[in-house]
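Below: one structure, written as structure tokens.
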Amino acid sequence: MNPEGSRYQILLSCPSGLSPSQVSVDFSKSHDRVPHSDPDLEDSIAQAWEKRTQCNSSLFNGQKFRYGSYCLDDEGGTNEVPHVCLRLGLTDYRTFVGTNLSSLWEKFVVTLEDDSIRCRHTSSPLGTGAVIETSDKKVIVLRRSNNVGEFPGHYVFPGGHPEPTAVGIDYHQPEVTQEMFNSIICEVVEETGIPASSLSQPLFIGISRRELNVRPAMFFYLKCSHHSDDLPKLYSGAADGFESTQLHTVSLDELKMMTSRMPGCHHGGFALYELMLQHISRT
């Protein structure tokens, strides 16, 4: 794997793990993508989409939540984060292909600016990932299939995207926060075959972004009541098995060895998990 593809930046770390009551969403048009001032660069978005769909006629332009930035409410003055507000807008897969996934992606990134402005011209759909511990303290990792659009054949945590269509696309809806937590459960169930009843409530542990095409993802920590030996049979019945070819249950040391073969945002997910474990060891 190209080392650049596994590099990441931690945008937000919540090592104590946050429940839905500690996370809110400011879902507003003010956090939508800002078109670039270069008309030729803007025109390249449609050209990139046309080229991609000619190669794969099954692609469709679904809507996604766009990551803008976040703000913290730390009135207690401690190192912990009691409340996080995620600032989200709306984007779509077409714009993602034409900005973040484009060969011209670096031209959409603003240099020498603060983080919220740096990516204002990119689609930046917010992905999700789940670090899941089994009852015997193994962590679940999937090997991506060759049918997926990004990083085929690489290792990832189970995940996907929260879906605007699940809550409606009107702005300022409070249901968006719960969709963040509900969607990761749905993705885990569909990708691993583990029933929802065997999973703990997700805890939000932070946001990472891979350096290659500035792709953001939020990560959650979950416990699974099944032993790692139970999972191959469950995985064989997974609804979304076509997205991956193999499920691995690995130790922390084994997982650390696999991070160089992960997309940067998932490598960052591992870093967020390590920060959570360090926090637990100190408390």
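Quick note on numbering: the numbering used here labels position 136 of the sequence shown as 191, and the sequence is numbered without any gaps. Even for Gly, the Cβ is constructed at its ideal location relative to N, Cα and C.
Residues bridged to residue i (per DSSP)
| i | result |
| --- | --- |
| residue 280 | DSSP, once it has assigned bridges, lists no residue as partnering residue 280. |
| residue 42 | Absent from the structure is residue 42, since the part of the chain shown begins at 56 and ends at 338. |
| residue 125 | 141 |
| residue 63 | 265 |
| residue 79 | 140 |
| residue 275 | 185, 259 |
| residue 220 | DSSP lists no partner for residue 220. |
| residue 254 | 279 |
Residue i - DSSP class collapsed to helix/strand/coil
| i | result |
| --- | --- |
| residue 119 | strand |
| residue 183 | strand |
| residue 212 | coil |
| residue 241 | helix |
| residue 157 | coil |
| residue 265 | strand |
| residue 152 | helix |
| residue 270 | strand |
| residue 308 | helix |
| residue 87 | coil |
| residue 167 | coil |
| residue 319 | helix |
| residue 72 | strand |
| residue 98 | helix |
| residue 232 | helix |
| residue 247 | helix |
| residue 146 | strand |
| residue 112 | coil |
| residue 287 | helix |
| residue 206 | coil |
| residue 292 | coil |
| residue 314 | helix |
| residue 175 | coil |
| residue 162 | helix |
| residue 192 | coil |
Neighbour-count burial assignment, residue i, 16 or more Cβ in a 10 Å radius
| i | result |
| --- | --- |
| residue 319 | buried |
| residue 297 | exposed |
| residue 208 | exposed |
| residue 172 | exposed |
| residue 158 | exposed |
| residue 335 | exposed |
| residue 242 | buried |
| residue 232 | buried |
| residue 250 | exposed |
| residue 322 | buried |
| residue 353 | A question about residue 353 goes unanswered here, because the residues of the chain that appear run from 56 up to 338. |
| residue 258 | buried |
| residue 167 | exposed |
| residue 115 | exposed |
| residue 324 | buried |
| residue 306 | exposed |
| residue 189 | buried |
| residue 279 | buried |
Proximity to residue i [Cα-Cα], best of the options
| i | options | result |
| --- | --- | --- |
| residue 180 | 291, 200, 123, 159 | 123 |
| residue 183 | 189, 119, 166 | 119 |
| residue 294 | 245, 168, 199, 259 | 245 |
| residue 110 | 264, 202, 231, 150 | 202 |
| residue 375 | 116, 301, 75, 291 | Residue 375 lies beyond the range of the chain shown here (56 to 338); nothing can be said about it. |
| residue 153 | 101, 128, 213 | 101 |
| residue 117 | 79, 151, 261, 61 | 151 |
| residue 61 | 289, 264, 329 | 264 |
| residue 76 | 106, 98, 128 | 128 |
| residue 276 | 303, 248, 266, 332 | 332 |
| residue 121 | 175, 156, 247 | 175 |
| residue 262 | 82, 248, 190, 328 | 328 |
| residue 316 | 292, 212, 337 | 212 |
| residue 31 | 71, 126, 104, 141 | There is no way to answer for residue 31, as the model of the chain reaches only from 56 to 338. |
| residue 185 | 260, 112, 200 | 260 |
Distance cut-off 6 angstroms: residue i Cβ against heavy atoms of the ligand GTP
| i | result |
| --- | --- |
| residue 306 | With respect to small molecules bound, the structure shown includes none, and the ligand GTP cannot be examined in it. |
* To do: Could you say if the stretch 84-95 and the stretch 189-198 meet the contact criterion of at least three C-beta pairs nearer than 8 angstroms?
  => Put simply, the stretch 84-95 does not touch the stretch 189-198. Fewer than three CB pairs are less than 8 angstroms apart.
* Between the stretch 237-251 and the stretch 133-153, do three or more beta carbon pairs fall short of 8 angstroms? -> Short answer: they don't touch.
* Would you check if there are 3 or more beta carbon pairs closer than 8 angstroms linking the stretch 150-169 to the stretch 245-255? => Contact between the stretch 150-169 and the stretch 245-255 is absent, because fewer than three Cβ pairs lie under 8 angstroms.
* To do: Count the CB pairs spanning the stretch 275-288 and the stretch 81-88 that are closer than 8 angstroms, and state whether there are at least three.
  => Too few Cβ pairs lie closer than 8 angstroms, so no.
* Report yes or no: do the stretch 61-73 and the stretch 212-219 share at least 3 C-beta pairs separated by less than 8 angstroms? => Too few Cβ pairs lie closer than 8 angstroms, so no.
* To do: Would you check if there are 3 or more beta carbon pairs closer than 8 angstroms linking the stretch 258-273 to the stretch 304-313?
  => Short answer: they don't touch.
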